[in-house]
Amino acid sequence: MKIPAATIIILLLTLTLPGHAAFSKGIEGTLMVSGQPVGGATVTLWRTAGNASPKSLATVTSNQRGRFKIRGVRTRGDGHVLYLTAKSGADDALVLMSVLGHEPPDKVVVNELTTVASVFTSARFIDGTAIRGNLLGLRIAAGNAPNLVDPATGTWGKVLLDPINSTENTTLARLNTLASLIAAFGTVADDAWRADFLKTATPTGGTTPKNTLDAMAGIARTPWATPKELYALFDKAYPQPKDGSRRAAPLVPYLAYSPPDFAMILKFAGGGIYSPGKLQIDADGNVWSGQNWMAGSQSGVLNNIGGGTIKLLPNGTAVSPAITGFTGMGVDGIGWGTGMALDKVWLGALNNTIGVMNFDGNPVGKESDVPMAGTIGNLMGVGTAANGDVWIADATKNSLLHFPGGRVKDGRIVNVKGLKSPFGIAIDAQDRVWVSNSQGTDVVRFPADDPAKVESFPVGTAVRGVALDSKGNLWVASNMSEGVPPPDFPAGTPIMKQFQLVLEHLLPFIRKGEISASRPTGVLNMIRPDGTQPAPKGFTGDKAVFVPWGVSIDGNDDVWFGNFWGRGVGLMAGAEPKGRTEGAKTGDVIHVFQSGSIQMVTDAVVDPAGNVWVANNWNVIDALDNPDPARPTSTKGGGDGIVVIYGVASPVKTPVMGPARPAN
């Protein structure tokens with residue numbers, strides 16, 4: 049095959065984890081486009097680490113079979129990232145990439161598939177041919193690329209091919225469609241098509257790309273920007289035969305319809321995942337979550353078996369025990385009560401217990417070590433402060449539990465005026481504690497050292513998740529909008545009974561069409577540090593917000609929310625829109641991500657690589673609230689799996705203990 053005059057830049061990233069000994073090895077690679085070799089490419093090996101500029105280490109040339117060898121590659125135990133660039137031709141327009149991970153295979157294939165996988169997982173760190181950013185984020189990105197494409201073979205990765213992802217979502221077809229655009233750029237397309245492709249791939253607020261690497265990076269950063277236009281280019285390059293038969297595209301399956309976005313989305317299961325509530329990410333990028341119910345059980349709001357705590361590695365691999373997850377200290381079922389400190393995971397359980405475990409999932413003590421053991425109610429949100437304080441919401445006794453410095457033995461019950469089934473907790477930089485009221489219409493705030501000085505701020509109804517941006521603005525999600533009356537809750541109503549009452553309260557409105565996708569309910573509010581609100585009635589995102597639940601802030605101070613009844617994850621412009629949200633107004637919903645793998649979402653959190661992790665909390669309503677549910681779906685009341693959307697957010701330093709901070 050004759051490749052048009054172009055520059056082919058292949059970035060092969062290798063990563064060594066801290067603590068690993070240095071070693072020397074060789075890399076043998078093959079450069080391919082549309083199944084054909086790319087010869088005569090000048091291949092340069094670079095090393096980069098964190099935000100430092102990359103250093104050129106070696107240069108070779110690929111032969112006419114597209115093969116190249118680089119010998120004596122010395123990897124070190126300091127977290128450095130290695131990557132290769134390969135140039136061929138005069139116009140520097142065709143660019144490929146492949147991320148290899150911390151132990152690169154001896155032989156690699158670099159092609160359009162590896163390019164898409166690498167760009168989407170490293171989207172937040174690509175700047176031209178340089179790869180730079182926070183070191184943990186680079187490690188996370190490198191570890192996730194093989195989930196999409198195997199760098200050794202240049203074909204689909206094991207996670208993408210598993211029974212869940214290969215059939216539940218369109219990620220495989222999206223990946224193939226984007227890769228086919230790169231293939232077309234290097235083979236069948238003419239100059240006009242190539243120019244249109246580069247223009248269409250221009251990221252929001254960015255400049256027009258000059259090559260396919262920049263183009264894919266633009267698509268990956270704002271995959272919602274031009275999906276229809278990109279699909280039209282695919283259709284032009286590989287037209288659909290009039291008889292409906294297969295297109296001549298180089299990769300199948302491809303998308304049969306124009307997508308709402310080109311996000312790369314995968315779902316992870318196992319390790320006891322079932323009905324995850326709150327998500328947390330630790331300092332190493334691992335994902336933790338307490339589960340409402342046990343995997344495999346026919347649980348719902350009427351009858352249930354509590355779940356444990358799950359842990360996923362930064363690449364989504366489950367390391368917690370199957371079915372039960374991590375257990376201990378009497379914890380049996382966890383709602384919103386997963387909190388993260390620098391050295392421990394804190395759990396507020398639905399069965400009136402508190403759990404504390406180390407990062408191996410082992411309890412740090414006994415149930416009786418908790419001073420208030422036996423006197424507390426159903427627990428919900430856990431808030432951790434920058435000074436190490438831990439606050440837990442007692443949702444049935446309308447009080448808070450305070451553990452100064454995170455010391456279990458010093459725990460005490462704090463009574464705060466105005467609590468109505470407290471739910472979410474956040475502690476700001478002034479050491480003020482913000483608490484949402486799930487049975488009310490407000491958020492309360494008080495100084496941590498003076499709980500009697502309580503202030504109240506009106507928001508929506510059935511107030512849930514809270515999060516602080518870097519400027520100290522509190523963002524809060526309410527299930528229902530102003531004017532939708534809350535259900536009546538008898539004093540001390542257990543959490544599962546509360547959920548039952550809320551569900552039974554909403555369903556009649558939904559059945560009558562008074563609440564629907566075209567007439568949704570729910571709002572997000574922003575409360576400034578001085579207590580004022582730019583939109584006292586809240587933001588609805590032009591009807592995109594539909595029973596929101598959890599809220600998180602990314603490194604750009606934009607807002608991510610679990611769009612519970614809307615079965616999606618929303619991105620909302622933050623207090624000072626900039627970068628990808630420049631031109632939007634505060635509270636505008638930029639996009640709602642949906643997928644066959646995304647169910648009824650409670651939480652969405654951001655990791656140091658800019659990936660958004662998503663909690664599928666509920667799924668089949670009949671299995672939740674029916675005393676005699678349909679047996680085939682009786683295990684599907686809770687949501688299954690935790691989902692990741694790669695590279696769409698601005699990276700965040702974890703754990704989040706107070707205001708969100710960008711991961712620099």
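For any residue, its number in my numbering is found by taking its place in the sequence shown, counting from 1, and adding 48. Cβ coordinates follow ideal geometry from the N, Cα and C atoms, glycine included. If you're wondering where the values come from, they're calculated on a predicted model, not measured in any experiment.
Any idea if residue i is buried or exposed, counting beta-carbon neighbours within 10 angstroms, 16 or more meaning buried?
i       : result
Thr-255 : exposed
Asn-334 : buried
Asp-476 : buried
Ser-368 : buried
Pro-324 : buried
Val-704 : buried
Lys-50  : Residue confidence for Lys-50 is low, a pLDDT of 48 falling below 50, so the modelled location carries little weight; the figure read from the coordinates is stated next. Under this definition Lys-50 is an exposed residue.
Ala-370 : exposed
Ser-240 : A quick correction: the sequence has Ala, not Ser, at residue 240. Ala-240 is exposed by the Cβ-count criterion.
Lys-701 : buried
Thr-629 : buried
Ala-678 : exposed
Thr-423 : exposed
Lys-560 : exposed
Lys-315 : buried
Have a look at residue i and residue j and give me their C-alpha separation to the nearest angstrom.
i       : j       : result
Asp-35  : Arg-187 : An answer regarding residue 35 cannot be provided, because it is not within the stretch 49 to 712 covered by the chain.
Val-462 : Asp-498 : 10 Å
Trp-394 : Ser-447 : 17 Å
Leu-79  : Pro-298 : 16 Å
Ser-416 : Ile-402 : 10 Å
Ala-69  : Ser-146 : Low confidence applies here, because Ala-69 scores a pLDDT of 49, under 50, leaving its location unreliable; read the following figure in that light. Rounded to whole angstroms, Ala-69 to Ser-146 spans 24 Å at the Cα level.
Val-691 : Ala-697 : 14 Å
Ile-669 : Lys-73  : 55 Å
Glu-552 : Asp-651 : 22 Å
Gly-685 : Lys-519 : 39 Å
Asp-458 : Val-502 : 23 Å
Gly-706 : Asn-435 : 9 Å
Asn-664 : Trp-613 : 11 Å
Phe-173 : Val-617 : 23 Å
Met-377 : Gly-234 : 59 Å
Asn-426 : Leu-208 : 39 Å
Got a sec, what are the start and stop residues for the beta strand (DSSP E) residue i sits in?
i       : result
Phe-233 : Unbroken run through Phe-233 is the alpha helix (DSSP H), 219-234; no beta strand (DSSP E).
Leu-555 : Taken as a continuous stretch (DSSP letters only), Leu-555 belongs to no beta strand (DSSP E), being part of the alpha helix (DSSP H) at 543-559.
Glu-503 : 503-506
Ala-441 : 438-442
Ala-106 : 103-109
Leu-132 : 129-135
Trp-341 : Run containing Trp-341: none; DSSP gives neither H nor E here.
Trp-272 : Trp-272 -> no beta strand (DSSP E), and no H or E assigned at all.
Kindly indicate which three-state DSSP category residue i falls into: helix, strand or coil?
i       : result
Ala-69  : Annotation note: pLDDT 49 at Ala-69 (below 50); position unreliable, no value reported.
Val-595 : coil
Asn-611 : strand
Tyr-279 : helix
Ile-267 : helix
Ile-188 : helix
Leu-350 : coil
Phe-168 : helix
Pro-638 : According to the sequence provided, residue 638 is Ile. The question's Pro does not apply to it. Residue state, collapsed to three classes: strand.
Lys-247 : helix
Leu-467 : coil
Leu-314 : strand
Arg-628 : helix
Thr-702 : coil
Val-532 : coil
Under 9 Å between the Cβ atoms of residue i and residue j?
i       : j       : result
Arg-269 : Gly-695 : yes
Asn-259 : Gly-202 : no
Pro-699 : Pro-656 : yes
Val-81  : Ile-321 : no
Val-571 : Val-599 : no
Thr-683 : Gln-328 : no
Ala-249 : Ile-267 : yes
Gln-112 : Gly-87  : yes
Gly-114 : Pro-153 : no
Asn-40  : Val-550 : There is simply no residue 40 to check, as the chain begins at 49 and stops at 712 in what is shown.
Asp-380 : Ala-397 : yes
Looking at the secondary structure, which residues open and close the alpha helix (DSSP H) in which residue i lies?
i       : result
Val-207 : 206-209
Arg-679 : That residue, Arg-679, is in no alpha helix (DSSP H); it is neither H nor E in DSSP.
Arg-122 : Run containing Arg-122: none in the alpha helix (DSSP H); it sits in the beta strand (DSSP E), 115-123.
Asn-213 : 213-216
Asp-673 : 669-673
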